[in-house]
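Under our numbering, the first residue of the sequence shown is numbered 917, with each subsequent residue one higher.
All C-beta atoms in this analysis are idealised placements derived from N, C-alpha and C, irrespective of residue type, glycine included.
Taking it in order: structure first as C-alpha cells, then the write-up.
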Amino acid sequence: MPTTIRVRTLQALFGLAYTALALIAIGKSPGFATTLSAIVLACLAYMSSRTVPDRLVTLEEAVKLSPVALAVIAFGVVADSLTSLHAVGWAATVMSYCAGNRMRAAGVGPLV
C-alpha cells in the first residue's frame, strides 16, 4: 500500500466528489435557474482559482489537508438526500463552485 499521494490527485478526487454531488442536486432541481447558476459558478470558480504545485505528501499530511473538504462533502450528501428545494439549490451551487475550484487546483482543464 502506498504511503504517499500526489496533492493534485487528492484535489482531483475532491473535485470528482463535488461534481457528482452537484450533478445529483442539479438533477433533483426543478428549475433552470439553479442549473444555470451552478454552471456559471463552476466556471467562475475555475477561472478565478489557481493550480497547486504538485508534490507527494504522506497519508498523514493528506488527512491534515482534507477536513474542510470532507465536511463540505458530508454536508453535500445530506443536502442531496433531503427533498427540500432550498437544500437542493444550495447543494447545486456550492458543490459546483467547489468542483470548479478543485478541478483547477488539480490542474485539470484548459487553463492549466
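Rounded to the nearest angstrom, the Cβ distance from residue 928 to residue 995 is 22 Å, too far for a contact under 8 Å. In the DSSP assignment, residue 974 falls within the beta strand (DSSP E) that extends over 972-974. Counting C-beta atoms within 10 angstroms of its own C-beta, residue 1009 has 16 or more neighbours from the protein chains shown and is therefore classed as buried. In this structure, DSSP gives residue 920 an extended state, which the three-state scheme calls strand.
Ranking 954, 943, 966 and 976 by CA distance to the CA of residue 919 puts 976 first.
Between residue 1011 and residue 941, the C-beta spacing is below 8 Å.
Between residue 937 and residue 993, the C-beta spacing is below 8 Å.
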